[in-house]
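**Q**
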Amino acid sequence: MKKVIAIIVTFKRKHLLCKVIESILNQTVKPMEIIIIDNNSNDGTREVVKKFFNNGRVNISYYNTGANLGGAGGFKIGIQKALERKSEYIWLMDDDLSPDEHCLEYLLDSVNSSTICQPMRLNVDSTCAEYSPTCYDLKSVFTLRPKRETVINFFNSKKDAQIDLHGIPFEGPLIPTPIVSQIGLPDERFFIFYDDLDYALRARKIGCKIKCITKAKATRLLQNNQVNDLSSWKGYFMLRNFFRIHLIYGENIFVRSRPLLITIMYILKSILTGNVKAARICFDAYIDHKSKSFRTSRRYIP
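All residue numbers for the sequence shown refer to full-length UniProt numbering, where the first residue is 1 and numbers rise by one.
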């Protein structure tokens, strides 16, 4: 039996968390433990989780971080806990991803010590929600959008296949611990957004494969709407971290300088449309992504 530890990072979504825990308890192949990392919720999450402690199927542990560390900080702590328990594989997910009952079984069938396996994410209406990149281009000078192709481009043609990925979300990937030992822990400074892409790019840099196992399914319990996110405090992290990816992994000076062009265009558009707040967010994101410490402006911390 392969030693798998499931990590769920949660923040004030106890009702969704319960569904995710139940879906893991009902797996045909069960992890040896579920570790809940709570980013200091105040909605009674701890009390809800305690009801699962004596479930008779899988050990469950609960840890409160004491502060909202974002997904990046939560997953860093969760992976540390899994390494302390000498797990062979670490299964990561948010509190709104419900894996189908055969999900872990199918992931384990395909994983090896140098391959990260990602399930196929679906929306609640069974449409494809898997937007992981199959091509993330940080080399081409003439593109503003490095995510050139995603799994959704192959959804209908490769329903029972393995699809090579350039990135993963922290929503369902099964990661062998030898890979973690080589590339380290997630960078908590990302807080939210692109921490998972950074992790995937680190893995690919040392020669690891990343595959979407299309028959391993998982359902997103909430619809993803990053357009709305961009206009909120989350927009700061989306832009700052997107720029940081270019700075770290851009394969030439033109790609590494692309954030400046995007910032100029974004600020001009925001000012012309009267959205001064968006212009300020983008300016702060640009300044902070270049800082040596990769700092976070305090005004955007929720």
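Each residue gets a CB set at the ideal place from its N, CA and C atoms; glycine is no exception. Because the structure is a prediction, the values reported are computed rather than measured.
So what does DSSP say about Asp195, is it helix, strand or coil?
**A** In this structure, Asp195 counts as helix in the three-state DSSP scheme.
**Q** Nearest to Ser157 by CA position, among Thr214, Arg46, Ile267 and Ile192, is which residue?
**A** Ser157 has its Cα closest to that of Thr214, out of Thr214, Arg46, Ile267 and Ile192.
**Q** In its own chain, which residues sit with a C-beta less than 8 angstroms from the C-beta of Lys50, not counting the 5 before and 5 after it?
**A** Hits under 8 angstroms: Tyr62.
**Q** Using 8 angstroms for Cβ pairs, my map puts His166 next to Arg220. What's the rounded Cβ distance?
**A** Not a contact, Cβ separation roughly 20 angstroms.
**Q** If you draw a straight line from the C-alpha of Leu174 to the C-alpha of Leu108, how long is it?
**A** C-alpha separation (whole angstroms): 8 angstroms.
**Q** Do Phe190 and Arg148 count as a contact pair if the criterion is CB distance below 9 angstroms?
**A** It is not a contact, given that the beta carbons lie outside the stated cut-off.
**Q** Opposite Leu174 in the DSSP bridges: which residues?
**A** According to DSSP, which records beta bridges pairwise, Leu174 is partnered with Trp91 and Cys117.
**Q** Is the Cβ-Cβ distance between Leu16 and Asp96 less than 9 angstroms?
**A** Yes.
**Q** Among residues of its own chain, excluding the 5 on either side of Arg145, which ones have a beta-carbon nearer than 8 angstroms to its beta-carbon?
**A** Cβ within range, chain order: n/a, list empty.
**Q** Look at the Cβ atom of Lys217, then the Cβ atom of Leu122, and state whether they are nearer than 9 angstroms.
**A** Contact flag set, yes.
**Q** Which term fits Glu130, buried or exposed, when burial requires 16 or more other beta carbons within 10 angstroms of its beta carbon?
**A** Result: buried.
**Q** Helix, strand or coil for Thr263 per DSSP?
**A** Here Thr263 sits in helix by DSSP.
**Q** CB Gly35 to CB Thr65, shorter than 9 angstroms?
**A** Rather than Gly, the amino acid found at residue 35 in this sequence is Ile. No, the Cβ-Cβ distance between Ile35 and Thr65 is not below 9 angstroms.
**Q** Determine the contact status of Asn26 and Asn68, defining contact as a CB-CB distance below 9 angstroms.
**A** No. Outside cutoff.
**Q** Using 10 angstroms around the beta-carbon of Pro302, count the other beta-carbons present and answer buried if the total reaches 16, otherwise exposed.
**A** Answer is exposed; the Cβ neighbour count stays below 16.
**Q** Does the pairing of the stretch 112–120 with the stretch 175–189 give three or more beta-carbon distances under 8 angstroms?
**A** They touch, by the three-pair rule.
**Q** Along the chain, where does the beta strand (DSSP E) that runs through Val9 open and close?
**A** Its beta strand (DSSP E) spans residues Val4 to Thr10.
**Q** Give me, in chain order, the residues of the same chain whose beta-carbon lies closer than 7 angstroms to that of Thr143; leave out the 5 immediate sequence neighbours on both sides.
**A** Counting only Cβ-Cβ distances below 7 angstroms, and skipping sequence neighbours, we find Asp137.
**Q** Using CA coordinates, which residue listed in Arg240, Glu84, Ser126 and Gly74 is at the minimum distance from Ser293?
**A** Of Arg240, Glu84, Ser126 and Gly74, the residue nearest in Cα terms is Arg240.
**Q** Are there 16 or more other CB atoms within 10 angstroms of the CB of Asp195, so buried, or fewer, so exposed?
**A** By the 10 Å Cβ count, Asp195 comes out buried.
**Q** Do Met32 and Ser110 come within 9 angstroms of each other at the CB atom, strictly closer than that value?
**A** No.
**Q** Helix, strand or coil for Tyr136 per DSSP?
**A** Strand, per DSSP.
**Q** Going by the beta-carbon positions, is the gap between Val4 and Ile77 smaller than 9 angstroms?
**A** Not a contact, by the Cβ cut-off of 9 angstroms.
**Q** Please state the DSSP three-state secondary structure of Asn153.
**A** Helix.
**Q** Rounded to a whole number of angstroms, what is the C-alpha to C-alpha distance between Glu101 and Thr28?
**A** When rounded, the distance between both Cα atoms is 6 angstroms.
**Q** Taking C-alpha atoms, which residue in Pro99, Thr10, Tyr106 and Cys103 lies nearest to residue 303?
**A** Since the first and last residues shown for the chain are 1 and 302, residue 303 lies out of range.
**Q** Considering Ile21, what are the terminal residues of the alpha helix (DSSP H) in which it resides?
**A** Ile21 -> alpha helix (DSSP H) spans Lys14 to Leu25.
**Q** Could you tell me which uninterrupted beta strand (DSSP E) segments, each at least 3 residues in length, are contained entirely in the stretch 218–288, listed from first to last along the chain?
**A** DSSP runs (the beta strand (DSSP E)) wholly in the stretch 218–288: none.
**Q** Note down the Cα distance separating Ile287 from Leu272, rounded to an integer number of angstroms.
**A** Each residue's Cα considered, the two are about 21 angstroms apart.
**Q** Rounding to the nearest angstrom, what Cα-Cα distance links Glu84 and Ala278 in this structure?
**A** Their Cα atoms are separated by approximately 43 angstroms.
**Q** Taking 8 angstroms as the limit between beta carbons, can you name the residues of its chain near Val276, skipping five residues before and five after?
**A** Once the five neighbours on either side are set aside, the close Cβ partners of Val276 are Ser270.
**Q** Just verifying my parser: in three-state terms, what is the DSSP assignment at Lys86?
**A** Lys86: coil per DSSP, three-state reduction.
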